[in-house]
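Data block below; observations after.
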Amino acid sequence: KNQVEQSPQSLIILEGKNCTLQCNYTVSPFSNLRWYKQDTGRGPVSLTIMTFSENTKSNGRYTATLDADTKQSSLHITASQLSDSASYICVVSETSYGYKLSFGAGTTVTVRA
Amino acid sequence: DVKVTQSSRYLVKRTGEKVFLECVQDMDHENMFWYRQDPGLGLRLIYFSYDVKMKEKGDIPEGYSVSREKKERFSLILESASTNQTSMYLCASSLPPGREQYFGPGTRLTVT
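Protein chains in written order, with the working numbering: chain A, 1140 to 1252; chain B, 13 to 124.
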């Protein structure tokens, strides 16, 4: 059973608009949560990483939030660009050793001009 | 910048063939990983290695084996390819513990 659920599965937005992606997890014990961006035909690239004690982290136009009490995270994309079209993957680390990761299935974002 | 390279971007093999997928990283990372990625599913860990000649099974090791003879190189072997192994295969590397994993570009394998 996947312990990381992402929603929506896909979304289409107009260039310049904002959007928010959701991630709910049941992984325990929790070490950190990461958001990755995966362009079509490429490997995932890290956007943000948050530990248990952090509740927000930004990387340019990407802002991730974390509520460790409710086990929810979100990724907000501001002023979307065509290059934001990609799959966004939520990844939760079960231990501080980092090798055991639980991956969400991803949200596919399409930005249209 | 960390660089993880994979030997092929696209590969087509026949059922029953032995398949080698190679991964090389240039950052002296101890940990290396092999995942497969299928539509609608998250990445699933096949095997990982925490040192030369050391390996541990991931969540879906059946039908696969691995080899790590040198620190920078981690190979995934499909002993007898089957159609249900058609997938995107991603290699990653990291420093321990709890550090970010860096991914290669992936190999899209099709078994016919």
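From the three backbone atoms N, C-alpha and C, an ideal C-beta is built for every residue, glycine too. What you are looking at is a predicted structure, and each value in this text was computed from that prediction instead of being measured.
(Q) Can you check which of these residues, A:Lys1210, A:Thr1165 and A:Ser1185, is closest to serine 1197 of chain A by C-alpha distance? (A) Measuring C-alpha to C-alpha distances from serine 1197 of chain A to each of A:Lys1210, A:Thr1165 and A:Ser1185 identifies A:Ser1185 as the nearest.
Q | Separation of serine 105 of chain B from serine 61 of chain B, as counted between CA atoms | A | Cα to Cα, serine 61 of chain B sits roughly 9 Å from serine 105 of chain B.
Q | CB-CB length for cysteine 1158 of chain A against valine 1143 of chain A, believed under 8 Å | A | The distance from the Cβ of cysteine 1158 of chain A to that of valine 1143 of chain A is about 19 Å, inconsistent with a contact at the 8 Å cut-off.
Q: Determine the burial state of threonine 1187 of chain A: buried for a count of at least 16 other Cβ atoms within 10 Å of its Cβ, exposed for fewer.
A: The C-beta of threonine 1187 of chain A has 16 or more other C-beta atoms within 10 Å across all chains shown, which makes the residue buried.
Q.
Quick check on DSSP: helix, strand or coil for aspartate 1223 of chain A?
A. DSSP places aspartate 1223 of chain A in the helix class (H, G or I) of the three-state scheme.
Q | Under 8 Å from the C-beta of glycine 118 of chain B: neighbouring residues of chain A | A | Correct list: Gly1180, Arg1181 and Gly1182.
(Q) With three or more beta-carbon pairs closer than 8 Å as the criterion, would you say the segment 15–28 of chain B touches the segment 87–105 of chain B? (A) Yes, since at least three Cβ pairs between the segment 15–28 of chain B and the segment 87–105 of chain B fall closer than 8 Å, the two stretches touch.
(Q) Taking CB distances under 8 Å as the criterion, tell me whether serine 1149 of chain A reaches chain B. (A) With its beta carbon at least 8 Å from every one in chain B, serine 1149 of chain A lies outside the interface.
(Q) Suppose only complete runs of 3+ residues qualify. What are the beta strand (DSSP E) ranges in the segment 1142–1195 of chain A, listed by chain order? (A) Entirely contained in the segment 1142–1195 of chain A, the beta strand (DSSP E) runs reaching 3 residues are, in chain order, 1143–1146, 1149–1153, 1158–1164, 1171–1177 and 1184–1190.
Q.
Quick check on proline 1183 of chain A: buried or exposed, where buried means 16 or more other Cβ atoms within 10 Å of its Cβ?
A. Burial state of proline 1183 of chain A is buried, judged by a 10 Å Cβ sphere holding 16 or more other Cβ atoms.
Q) With respect to the beta strand (DSSP E) encompassing threonine 122 of chain B, which residues constitute its N-terminal and C-terminal limits? A) Where threonine 122 of chain B is concerned, the enclosing beta strand (DSSP E) stretches over 119–123.
Q | Where the segment 33–53 of chain B meets chain A: residues whose CB sits under 7 Å from a CB there | A | Against chain A - using a Cβ distance shorter than 7 Å - the residues of the segment 33–53 of chain B are Asn43, Gly52 and Leu53.
**Q.** Coarse secondary structure for threonine 1246 of chain A, derived from DSSP in three states
**A.** Strand at threonine 1246 of chain A.
Q.
Can you check whether the C-beta of glutamate 112 of chain B is within less than 8 Å of a C-beta belonging to chain A?
A. Glutamate 112 of chain B counts as touching chain A.
Q. Just by C-beta distance, which residues in the segment 1195–1228 of chain A are closer than 9 Å to chain B?
A. For the segment 1195–1228 of chain A, which is checked against every Cβ of chain B, the residues closer than 9 Å are Ile1228.
Q: With DSSP as the reference, please indicate the residues paired to tyrosine 59 of chain B in a beta bridge.
A: In DSSP, tyrosine 59 of chain B forms a bridge with B:Trp46 and B:Lys69.
**Q.** Residue environment, asparagine 43 of chain B, which counts as buried when at least 16 other CB atoms sit within 10 Å
**A.** Result: buried.
(Q) Since leucine 1240 of chain A and valine 1230 of chain A should fall inside the 8 Å C-beta cutoff, what is the C-beta to C-beta distance between them, to a whole number of angstroms? (A) Contact check for leucine 1240 of chain A and valine 1230 of chain A: beta-carbon distance about 5 Å, within the 8 Å limit, so the pair qualifies.
Q. Is the CB of glycine 1155 of chain A under 8 Å away from at least one CB in chain B?
A. No, no contact with chain B.
Q) Touch check for the segment 56–70 of chain B and the segment 112–120 of chain B: three-plus C-beta pairs under 8 Å? A) Look at the beta carbons and you see the segment 56–70 of chain B not touching the segment 112–120 of chain B: under three pairs across the two are nearer than 8 Å.
Q. Would a check of beta-carbon distances place leucine 90 of chain B closer than 8 Å to chain A?
A. Against chain A, the CB of leucine 90 of chain B has no partner CB under 8 Å away; the residue lies outside that interface.
**Q.** Neighbour flag for valine 1231 of chain A against chain B, beta carbons, 8 Å
**A.** Using a Cβ-Cβ cut-off of 8 Å, valine 1231 of chain A does not count as an interface residue toward chain B, since no Cβ of chain B sits closer than that to its own.
(Q) Measuring straight from C-alpha to C-alpha, what distance separates leucine 55 of chain B and arginine 48 of chain B? (A) Straight-line Cα distance between these residues: approximately 6 Å.
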